[in-house]
Amino acid sequence: MNNWDNVRLVPEFNEQGVACYRLDGEDYVNEYYITSEAETRKLLNTPEVVGYEVYNCLIPSTCQMLYYLKEQKKVTTANILSILRGALNYPLEEACYKEHIRVHDISFLSSERVFAEDEMTGLEIKYSKLTMVPDSTLMIGDIIASGETLIHCLRYVTDFYREHGTKLRNIIIFTIGGTKGIDILENLTKEIREFWPEFEGFITVFYEGIFATYQDKGVSGINLPDVDFYWKGGIVAPEFRRETLSMCSPLFEKCIIYDGGARRYEIHEHVEEVLKFWEGILERADKIDFKELLDEKLGYPTPISYEEWLAHNHYQEIRPADTKWLYRQEQGYIESMKNITLKELAEQRIGEFRSALRKYIL
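Residues 268 to 629 (the working numbering) make up the sequence shown, in order.
Laid out in structure tokens, this is it:
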């Protein structure tokens, strides 16, 4: 991420229980927002949330953000692009209906990985049903990790519009996503403006934070590179940070969201993934440095001064009354972790998860 240290999280609005922040301090060609709301905090902190509830948790913040964008006149008429099947977790059509934004049509794409001799060689559009709505806003809901699927699909759609002699006004993306998405979208905007100079760019809404993906297996030796999301190297909404650190275990989960599709549709696979992770932690507990793991999850080496913590988390523009309290809470959380072992944490988590989702355990 270029010049990430210069970025500041700036409060934009706080209405109807939804806090919204925008990224500032860097010369971005696009707009980037982080929203935080009780239901999305529950979704990302509680892997026990599965099935329809995954979709339902995203409705309040999506509606409020669309209301804001409509008031800012950044969206008038919409065409929703559903990238199957991840897009099915995002309530864009319902949110547009609730906020009186006309959806002219919904387009569908399915992009799948192509393998040769057990190695991925590229991506291929397997299914396409596109509808053009000239000069409209294209809306997308997708998880952005590596971003390869998103790039592939967006190029496919813009080529489709160009072949038919028309264009898009802008593109709004709602995502549980990572830092790589910003670099991708900045480059895509420059690419698109070469043939659509008046293209307004991307407006990207991140739920609860702009997370980073592990680049190795992590301190635990279990995490998946370029797949699992965590805080380190990203920016987390203060509300999300506060709620996560008010509980014992959410910070230590394998991934912020796990597999979004499995959580909604193949729940037994999601259950297996969560239990496999915690059982792996239990098995390795005596070999994992707990402080090193905690530092990795918090995103910085401890101890840390308030000034260093403020800069590290990009909170310089947040009210000092809020940040000072959050810093003290975080120090309290770190201190409390000295009274629990990783083995105890894993055993507790396995018991909680098995009890909550026992009907899905085969």
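For each residue, glycine too, the CB sits at the ideal point set by N, CA and C.
Quick caveat: nothing in here was measured; it's all calculated off a predicted structure.
For the alpha helix (DSSP H) that contains N312, what are its first and last residues? The residue given as residue 312 occupies position 45 in the sequence shown. A305 to N312 is the span of the alpha helix (DSSP H), which, as asked, contains N312.
Tell whether a beta-carbon distance below 8 Å holds between I489 and K457. One-based indexing of the sequence shown puts residue 489 at position 222. One-based indexing of the sequence shown puts residue 457 at position 190. Not in contact: I489 and K457 (Cβ atoms no closer than 8 Å).
If distances are taken between C-alpha atoms only, which option among D450, L355, E298 and C420 comes closest to Q339? As a first step, residue 339 must be located in the sequence shown, where it is residue number 72. Proximity to Q339 across D450, L355, E298 and C420 peaks at E298, based on C-alpha coordinates.
*Which ranges does the beta strand (DSSP E) cover as unbroken runs of at least 3 residues, wholly within the region 522-559, from first to last along the chain?*
With a minimum length of 3 residues, no continuous beta strand (DSSP E) run stays inside the region 522-559.
Check: Measuring from the CB of T446, is there a heavy atom of the ligand COA at a distance below 7 Å?
Finding: With respect to the ligand COA, the structure offers nothing, as it holds no ligand at all.
* Environment of G445 [buried if 16+ CB atoms lie within 10 Å] -> As a working note, residue 445 is residue 178 in the sequence shown. Only buried fits G445, as 16 or more other CB atoms lie within 10 angstroms of its CB.
To the nearest whole angstrom, what separates the beta carbons of L560 and S487, a pair I think is in contact under 8 Å? Position 293 of the sequence shown, counted from the start, is the residue given in the question as residue 560. Position 220 of the sequence shown, counted from the start, is the residue given in the question as residue 487. 6 Å between Cβ atoms; contact.
Quiz item: For G414, does the count of other Cβ atoms within 10 angstroms reach 16, so buried, or fall short, so exposed?
Solution: If you number the sequence shown from 1, residue 414 lands on position 147. The residue is buried, with at least 16 neighbouring Cβ atoms inside 10 Å.
Distance between L612 and E619 (C-alpha atoms, nearest Å): Within the sequence shown, the letter at position 352 stands for residue 619. Within the sequence shown, the letter at position 345 stands for residue 612. Each residue's Cα considered, the two are about 11 Å apart.
Once DSSP output is grouped into helix, strand and coil, what is the label at N273?
As a working mapping, residue 273 is identified with position 6 in the sequence shown. Three-state result, N273: helix.
Within this structure, are the beta carbons of L455 and L421 separated by less than 8 Å?
Your numbering for residue 455 matches position 188 in the sequence shown. Your numbering for residue 421 matches position 154 in the sequence shown. Yes, the Cβ-Cβ distance between L455 and L421 is below 8 Å.
Segment limits, alpha helix (DSSP H) that includes A345:
Along the sequence shown, read from residue 1 onward, the residue named residue 345 stands at position 78. For A345, there is no enclosing alpha helix (DSSP H); the enclosing beta strand (DSSP E) has its first and last residue at T344 to L351.
key: Cβ neighbour criterion (16 or more within 10 Å) applied to F462   = Within the sequence shown, residue 462 is the residue found at index 195, counting from 1. Classification of F462: exposed, given that the 10 Å Cβ count is below 16.
Worksheet item: Near G528, which residues of its chain fall below 7 Å by C-beta distance, leaving aside the five closest residues on each side in sequence?
Response: Within the sequence shown, numbered from 1, the residue matching residue 528 stands at position 261. Within the same chain, G528 has close Cβ partners R352 and G353.
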